[in-house]
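Chemist:
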Amino acid sequence: MKLLRLITRYATAAILPFALAGCASTQGSPARYDVVIRGGTIYDGTGSAPTRGDVAINGDRIVAVGTVEGAGRSEISARGMAVAPGFINMLSWATESLIIDPRSQSDIRQGVTLEVMGEGWSMGPVNAKMKADETARQGDLKFPIEWTTLGDYLSYLEKRGVATNVASFVGAATVRVHELGEGDVDPNPEQLSRMRTLVRKAMNEGAMGVGSSLIYAPGSYAETDELVALTKEAGRCGGMYISHMRSEGDRIEQAVAELIEISRRSGAPAEIYHLKMAGKDNHAKREAVVRQIEAARSEGLRITADMYTYTAGATGLDAAMPTWVQAGGVEAWIERLKDPAIRARVAAEMKAPGSDWENLFHGAGADKMILVGFKNPALKPLTGKTLAEVAAMRSQSPEQTAMDLVIEDGTRVGTVYFLMSEDNVREQVKLPWMSFGSDAASQSAEGVFLKSGAHPRTYGNFARLLGRYVRDEKLITLAEAVHRLSGLPARNLSITDRGALRPGYFADVVVFDPATIADTATFEAPHRYAIGMRDVLVNGVAALRDGEPTGATPGRAVRGPGFNRCR
Numbered sequence: 083m084k085l086l087r088l089i090t091r092y093a094t095a096a097i098l099p100f101a102l103a104g105c106a107s108t109q110g111s112p113a114r115y116d117v118v119i120r121g122g123t124i125y126d127g128t129g130s131a132p133t134r135g136d137v138a139i140n141g142d143r144i145v146a147v148g149t150v151e152g153a154g155r156s157e158i159s160a161r162g163m164a165v166a167p168g169f170i171n172m173l174s175w176a177t178e179s180l181i182i183d184p185r186s187q188s189d190i191r192q193g194v195t196l197e198v199m200g201e202g203w204s205m206g207p208v209n210a211k212m213k214a215d216e217t218a219r220q221g222d223l224k225f226p227i228e229w230t231t232l233g234d235y236l237s238y239l240e241k242r243g244v245a246t247n248v249a250s251f252v253g254a255a256t257v258r259v260h261e262l263g264e265g266d267v268d269p270n271p272e273q274l275s276r277m278r279t280l281v282r283k284a285m286n287e288g289a290m291g292v293g294s295s296l297i298y299a300p301g302s303y304a305e306t307d308e309l310v311a312l313t314k315e316a317g318r319c320g321g322m323y324i325s326h327m328r329s330e331g332d333r334i335e336q337a338v339a340e341l342i343e344i345s346r347r348s349g350a351p352a353e354i355y356h357l358k359m360a361g362k363d364n365h366a367k368r369e370a371v372v373r374q375i376e377a378a379r380s381e382g383l384r385i386t387a388d389m390y391t392y393t394a395g396a397t398g399l400d401a402a403m404p405t406w407v408q409a410g411g412v413e414a415w416i417e418r419l420k421d422p423a424i425r426a427r428v429a430a431e432m433k434a435p436g437s438d439w440e441n442l443f444h445g446a447g448a449d450k451m452i453l454v455g456f457k458n459p460a461l462k463p464l465t466g467k468t469l470a471e472v473a474a475m476r477s478q479s480p481e482q483t484a485m486d487l488v489i490e491d492g493t494r495v496g497t498v499y500f501l502m503s504e505d506n507v508r509e510q511v512k513l514p515w516m517s518f519g520s521d522a523a524s525q526s527a528e529g530v531f532l533k534s535g536a537h538p539r540t541y542g543n544f545a546r547l548l549g550r551y552v553r554d555e556k557l558i559t560l561a562e563a564v565h566r567l568s569g570l571p572a573r574n575l576s577i578t579d580r581g582a583l584r585p586g587y588f589a590d591v592v593v594f595d596p597a598t599i600a601d602t603a604t605f606e607a608p609h610r611y612a613i614g615m616r617d618v619l620v621n622g623v624a625a626l627r628d629g630e631p632t633g634a635t636p637g638r639a640v641r642g643p644g645f646n647r648c649r
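Throughout the sequence shown, residue numbering follows the numbering used here, covering 83 to 649 in sequence.
1. Under 8 Å, with one C-beta from each stretch per pair, do the segment 286 to 293 and the segment 396 to 408 reach the 3-pair mark?
2. Helix, strand or coil for Ser295, going by three-state DSSP, please let me know.
3. Indicate whether Ala589 and Ser568 have their beta-carbon atoms separated by less than 8 Å.
4. What does a CB cutoff of less than 8 Å around Asn506 pick up in its chain, not counting 5 residues either side in sequence?
5. Tell me which same chain residues have a C-beta within less than 7 Å of the C-beta of Met485, skipping the five on either side of it?
6. Taking 8 Å as the limit between beta carbons, can you name the residues of its chain near Arg379, skipping five residues before and five after?
7. Name the residue from Lys241, Arg276 and Val338 whose alpha carbon lies nearest to the alpha carbon of Thr635.
8. Can you confirm whether the segment 201 to 215 touches the segment 250 to 259 when touching is taken to mean that 3 or more C-beta pairs between the two stretches lie within less than 8 Å?
9. Closer than 7 Å by C-beta to Ala160: which residues in its own chain qualify, once you throw out the five before and the five after it? Chain order, please.
10. For the alpha helix (DSSP H) that Asn543 lies in, which residues bound it at each end?
11. Can you give me the C-alpha to C-alpha distance between Phe169 and Ala527, rounded to a whole angstrom?
12. In whole angstroms, what is the alpha-carbon distance linking Arg649 and Arg638?
13. Could you tell me whether the segment 486 to 505 touches the segment 439 to 451, using the rule of 3 or more Cβ pairs below 8 Å?
14. Span of the beta strand (DSSP E) holding Glu157?
15. What does DSSP give as the partner residues of His326 in its beta bridges?
16. Tell me where the beta strand (DSSP E) around Ser517 begins and ends.
17. For Thr497, write down the residues that DSSP places opposite it in a beta bridge.
18. When burial is assigned at 16 or more other CB atoms within 10 Å of the CB, is Pro480 buried or exposed?
19. Can you tell me where the alpha helix (DSSP H) holding Gly317 begins and where it ends?
20. Below 8 Å between beta carbons: does that hold for Glu340 and Thr393?
21. Which term fits Lys211, buried or exposed, when burial requires 16 or more other beta carbons within 10 angstroms of its beta carbon?
22. Less than 8 Å between the beta carbons of Ile158 and Val194, yes or no?
23. Between the Cα of Arg318 and those of Pro351, Pro271, Ala572 and Thr483, spot the shortest distance and give me the residue it belongs to.
24. Can you tell me whether Asn270 is buried or exposed, with buried defined as 16 or more other CB within 10 angstroms of its CB?
25. How would you call Ala624, buried or exposed, if buried means at least 16 neighbouring beta carbons within 10 angstroms?
26. Apart from the five residues on each side of it in sequence, which residues of its chain come closer than 7 Å, Cβ to Cβ, to Thr177?
27. Less than 7 Å between C-beta atoms, sequence neighbours within five positions excluded: which residues of the same chain meet that for Arg476?
28. Determine the extent of the beta strand (DSSP E) in which Met389 is found, giving its start and end residues.
29. So, does the segment 599 to 611 touch the segment 540 to 553, judging by three or more C-beta pairs under 8 Å?
30. Between Leu173 and Glu315, what straight-line distance do the alpha-carbon atoms span, to the nearest angstrom?
31. Have a look at Gly529 and Gly519 and give me their C-alpha separation to the nearest angstrom.
32. Find the nearest neighbour of Ile144 within the set Pro167, Arg155, Lys224 and Thr128, judged by alpha-carbon distance.
33. Secondary structure at Pro608, three-state DSSP: helix, strand or coil?
34. Pop quiz: Asp142 and Gly622 are said to be a contact at Cβ under 8 Å. What is the actual Cβ separation, rounded to whole angstroms?
35. Where do the ends of the beta strand (DSSP E) carrying Ile354 lie?
36. For Ala96 and Thr230, I'd like the C-alpha separation in whole angstroms.
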């Protein structure tokens, strides 16, 4: 109730959409514009050199960029500030957090104006069993599932009100579970036909394409031909394929080859989610992987990637155990882990590189695995400890401890894995076909969200790029960084009226201080907001004013190229 009262108070304070930071009401001549942002350094999202000028807005659209002679009903002074298109989070897990708190604070305070969801799992289509299972598995964030299709979900968020715009891929695993359940089975021709129909319907509802996540059960059970079949439906509707590949470590080159094959055979563009070389034994593979991608691009395939700006990833303890033990869903997984013979087999497989699964336990090691998400209140005091520390507390092996924690919590247990090389992060930032995604929720540093830990990328991924890697280390220019946060992902997603400061485009605009923008969240203290972002307008309405959320919820569902055209 306290959180809801706080949201309501912010919303009440933001009734007027033109109450903006640095505003000065115009007097005298009639206003020609609703809002004018004055005297900023304009980074237009194309990568072109910045210019000094103004941005004028009427309603939800940009109407002038450059020297604006007429007055605005409200004016923002942007002198000494950068003015840019709103940023696109190419991998967002705000699917649930925006239902609980629509302010999207951790992202809006970094300039994100579009959350793109759907890494393997999407919020639709769901059937009755899926709704029941997902409701029973909810942790700290609890909500009724009041939708059935992906389009319904996007409309649900829009109607409830949300600070940022929202978009989604349709999850390959979601479609699979809808028709096949959570077991390790292959679809027969009739089932595959139904799965393809679900993808086509989702594209017609506005999905951006098909998203897969191939290290996790049951998504990992999908074979290449199945993924090609689903992606063909997305490609016919103008959509793309985007994937957490089957491997980011020991078999990364084979995984990239599979993604390229899916793109080639389906005719759809493809993107690699959070490109990385996971595990110290694989850090040296970066150059070979980049050559592999660029060779595909040189033959005309539209292959791109996104990344987060940290050396640790975050997922669950399911990524520490073989996928065969997880067949049938989390409940079946837990029951198997109670069997001594199965536990012995799982422990043995955890200690070695996965021959046919991505073993993050082996890639990171128990001392580099931080436990951050529990459902069971009795286990929450372990939040922030490494798996090795908890194993020592219990006088157990890390393997046995991991299995016991899954049983005791009834979930996959949120876990941070330190897997990557900082040198590789720096080199990947420079790649011209690289965009950025947090791979995290967009949430608040308050209320129910403090019941669990977090990865600092939740609060700092985009500010870290602009502060550390652009301003401090000068790896790329600010103009290029803005392009890869806006214009590049918009083009990849086939969005034609966002991602740039141009007349006629939607007025998703950010104003920030390049000299101070920075991430402040750490692995030790992850619930800390970024600094340096001053104003954020979403569809012409202030969602952030003078560094603080207004409570306004102007976000809309951004639909893909097949919307209402793919039947």
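By construction, the Cβ of each residue, glycine as well, lies at the ideal position given by its N, Cα and C atoms.
These figures come from a predicted structure and were not determined experimentally.
Modeler: From the atom records:
1. no
2. strand
3. Going by C-beta atoms, Ala589 is not nearer than 8 Å to Ser568.
4. Lys358, Met359, His365 and Arg368
5. Leu419, Arg425 and Val428
6. Ile385 and Trp515
7. Lys241
8. Cβ pair count under 8 Å is three or more, so yes.
9. Ile119, Arg120, Gly121, Gly122 and Val593
10. Arg539 to Arg546
11. 21 Å
12. If you take the alpha carbons of Arg649 and Arg638, they lie about 23 Å apart.
13. yes
14. Start and end: Gly154 to Ser159.
15. Ser295
16. Run containing Ser517: Met516 to Phe518, per the beta strand (DSSP E) assignment.
17. Thr397 and Leu453
18. buried
19. Thr306 to Arg318
20. no
21. exposed
22. Taking 8 Å as the cut-off, the beta carbon of Ile158 is found no closer than this to the beta carbon of Val194.
23. Pro351
24. Asn270 comes out exposed.
25. Per the 10 Å Cβ criterion, buried.
26. Met199 and Met205
27. Residues of the same chain with a CB within less than 7 Å of the CB of Arg476, apart from the 5 flanking positions on each side, are Thr483 in chain order.
28. Ile385 to Met389
29. As far as the Cβ criterion goes, the segment 599 to 611 touches the segment 540 to 553, which means the pair count is three or higher.
30. Within the model, the alpha-carbon separation for Leu173 versus Glu315 is close to 22 Å.
31. 25 Å
32. Nearest of Pro167, Arg155, Lys224 and Thr128 to Ile144, Cα basis: Pro167.
33. coil
34. 4 Å
35. Ala352 to Ile354 is the extent of the beta strand (DSSP E) around Ile354.
36. Only weak support is given to the placement of Ala96: the predicted model assigns it a pLDDT of 39, under 50, and the value that follows is read from those uncertain coordinates. Between Ala96 and Thr230, the C-alpha separation is close to 32 Å.
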